[in-house]
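Okay, structure first, notes after.
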Amino acid sequence: MSIGLLAGMVISFTPGLSMIGAQQTARGPVQMTVNGLNIHELDVQQARSNALYASVTEGEVGADLQRLMVDQLVRQAVLQQAASRINVSSGEVRRAVNDFREERGVAGGRNDRAYQQLIASAGFTDQTFRDYLRDQLRIAKFEERLVGDVTVTDEEVEAFYQSHLSAYQTEERVSARQIVVDDEALAQELRKRAIAGEGFAALAREHSLDLADRDGAVGAASGETQPRPVGRPALPTPVANAAFALRGAGITDVIPSNNRYYVVMVEEYHPATPRPFEEVAEAVREDALNAKKTGIVEAELDRLREEANVTFPAGSPLSFDNPVLAEVNGVEIRAVDLDSALYTNPQIQQALSPQTADLIVGLFKPTVLSQVIDTEVAYQAAESLGVPLLGTRAGIAQAALDYVGRDATASDEEIVEFYEMNRAAFVLPAEAVATRVDFGSQAAATAFREALLNGSDVETAAAEQGGTVAELGLLKPGQTEPEIDAALFAADAFEALPGGALQVSDILVLQTEVAAEPAADAEAADDAAGDGAVSEAPTTREAFVVLVAERIPERVRPLEDVRAQVEAAVLAQKRQAARSAWLAEQRAAADIVEYGASGAAFEVPATETVTEPGTDAAASEDAADETPAEGEAQ
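Reminder that position 58 of the sequence shown reads as 678 in this note's numbering, one-by-one numbering, no gaps.
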């Protein structure tokens, strides 16, 4: 069963907009009429059961959501009316029901009850669900008649590719080696040795449980020792996340996965790049054709909506006040256009509640209105680019902006300048592999330090002085208690030990909590103190702490390690600058009028700060112009 583009735009298997015109009893009074089709109280109640329309019911946001709901009810009604004369046989409906049941795992007579429960959860009976599917099949056929003979030219396909380069990119890849062991301590030791400069390939050859015969080279064939570029699937998911997060050459932390411990050294990061047109020509042609069809469908739905005759009987709680908020070269942007762009934004929907309603009105509405205006400006200006862009109004607007920025390049000078100005973004944090030893007296701590400086090992020297040893493992700033963190990373109170990279700290005097005494011991202490006396056990005590650590200071990743990442950032900035400059130029040349709350109009100054259409508002199918017809009920 193919629901098709139209159905996908306005109908979904949810309680809400699915049963207009169904033959039911007790549907309540008529609350609105669309081209003579009555929409009853039950239809509206089903629409209100949609979580979006029920989220806020009062105030300005409540009125906005009601207007949007009414508009969607009208759009569904006109769509059903347009498709109503198309014949759909009972056999087609039966096949659609069977397909639905198969997809949802409720096929066959033994699952009749499960099927009934499933559709009942969305407000359907078997008959009304069949009516619903019949309507959708009609709509699919109506769509096929609209776009069945549509084709795309070679020029349209090429323009679609140039304006959607990000959709036809290679996957990001890395050239990397890995060490895989089953002991975390060994993994940490090998990582430490690699960071210190020991050859990663040799370490992998000697210790790795996987690819040791290939010096740990990921992607290398049998008998090879050089890594080949690989995508994320070549590594376990958490390991791939760590390796690709480097976005350049470097060594990951130790990553646990499936009872093993991984250390990955990325030798080179290969960012995603546009694939040549010849490689993706067929996919681009198909996508361009679908975009063209979607644009035709949207235009027809907008026409049907604009020509609809909508009335509300006396006593209906519904209305449709849809004022003009702005004009761009005479094209009206109405309140429902803003409603659609604002309230269909997933982030706004997630945050929408009566408590956030005032914030939505005060903060987001003006921003989204500016985006809707910019989308209309870009749509109208797209023609001036001289290329045949395809899609919905919002889709063409975004395609125009992406087409403008397609040719951005990054010079060596720009890459170096960006790197130097953003060196802080490429700093690897300090880290330390540390051991903590606690003593009960300063004398014991002092003797321990002296023993280490004279060549004793930690375990032996601690045992001789009664110290308590605790392995802290690999630490980075902020991962341990403040005093220990400050000693490791914010001070230089360490002294090198002989024969290696270990250092010993000065003595830290810390206040540590004392465990509460058992009740029996506490009572005995009180008795010993005498009648009426209550002993107060101390809650803290002094601990004399010495840290033994191998510390690695923070370091800046060299440009050659992060060049691909820097180049991608420069390109993104330059594309954004090109889009913003073009949009500002088009907006300055456009005749834009915005209307205040009083209804008085003012022209937008040419120097006003321009906001490029946001990703959500610009790309959303719902941001298209939905201007009602003259004389429509307000």
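Here a beta-carbon is modelled for each residue, glycine too, at the ideal position from N, C-alpha and C.
Whole angstroms is fine: what's the gap from Pro876's alpha carbon to Val850's?
-> For Pro876 and Val850, the gap between their C-alpha atoms comes out near 20 Å.
Which residue spans inside the segment 1056 to 1106 form an unbroken alpha helix (DSSP H) run of at least 4?
-> 1062 to 1073, 1078 to 1084
If you follow the beta strand (DSSP E) that Leu945 is part of, which residue opens it and which one closes it?
-> 944 to 948
Among Met652, Gln969, Asn861, Lys761, which residue has its Cα nearest to the Cα of Ala671?
-> Gln969
Could you check where the beta strand (DSSP E) with Asn658 kicks off and where it finishes?
-> 657 to 660
Tell me whether Tyr788 sits in a helix, a strand or coil according to DSSP, three-state version.
-> coil
Taking C-beta to C-beta, are Tyr889 and Gly868 nearer than 9 Å?
-> yes
From Gly843, Asp941, Asn707, Arg1171, pick the residue whose C-alpha is nearest to that of Ala683; which is it?
-> Asp941
C-beta contact flag for Thr790 and Pro894 at 9 Å = With respect to Pro894, Thr790 sits close: the two C-beta atoms are nearer than 9 Å.
What does DSSP give as the partner residues of Ala796 in its beta bridges?
-> Val886
By the 10 Å Cβ neighbour count, where 16 or more other Cβ atoms means buried, how is Arg1199 classified, buried or exposed?
-> buried
When Glu1180, Val698, Leu1009, Lys985 are compared against Thr914, the one with the closest alpha-carbon = Leu1009
Heavy atom of the ligand ADP less than 8 Å from the Cβ of Ala1163, yes or no?
-> Among the components modelled here there is no ligand, and therefore nothing to report on the ligand ADP.
Rounded separation between Glu680 and Leu938 - CA only | 15 Å
Secondary structure at Phe1114, three-state DSSP: helix, strand or coil?
-> strand
Spatial neighbours of Arg1175 in its chain, beta-carbon cut-off 6 Å, leaving aside the 5 residues before and after = Leu1048
If you count every other CB in all the chains shown that lies within 10 Å of the CB of Thr1055, and 16 or more means buried, which is it?
-> buried
Who are the near neighbours of Arg905 in its chain, counting only those whose CB is closer than 7 Å to its CB and skipping five residues on each side?
-> Val772, Val777
Kindly indicate which residue of Thr1012, Val1057, Pro933, Gly1006 has the alpha-carbon position closest to the one of Asp922.
-> Thr1012
Rounded straight-line distance, which links the Cα of Leu738 to that of Val944 | 42 Å
So Val1124 packs on Val1053, CB below 8 Å; how close in whole Å?
-> About 14 Å separates the beta carbon of Val1124 from that of Val1053, a gap too long to meet the 8 Å contact definition.
Is Phe1109 closer than 9 Å to Pro1097 when the C-beta atoms are compared?
-> yes
Could you tell me whether the segment 995 to 1004 touches the segment 1200 to 1215, where touching means 3 or more Cβ pairs closer than 8 Å?
-> yes
Would the beta-carbon of Ser828 fall within 9 Å of that of Gly836?
-> Using a Cβ distance threshold of 9 Å, Ser828 and Gly836 count as a contacting pair.
From the DSSP output, read off the bridge partner residues of Glu723.
-> None; Glu723 has no bridge partner.
Report all residues from its chain with a CB closer than 7 Å to the CB of Ala1107; omit the five preceding and five following residues, and keep chain order.
-> Ala1113, Ser1125, Leu1128, Leu1167
Just the C-alpha distance for Val884 and Arg834, rounded to the nearest angstrom, thanks.
-> 14 Å
The beta strand (DSSP E) enclosing Ala760, as first and last residue numbers = Where Ala760 is concerned, there is no enclosing beta strand (DSSP E), although the alpha helix (DSSP H) it sits in stretches over 746 to 767.
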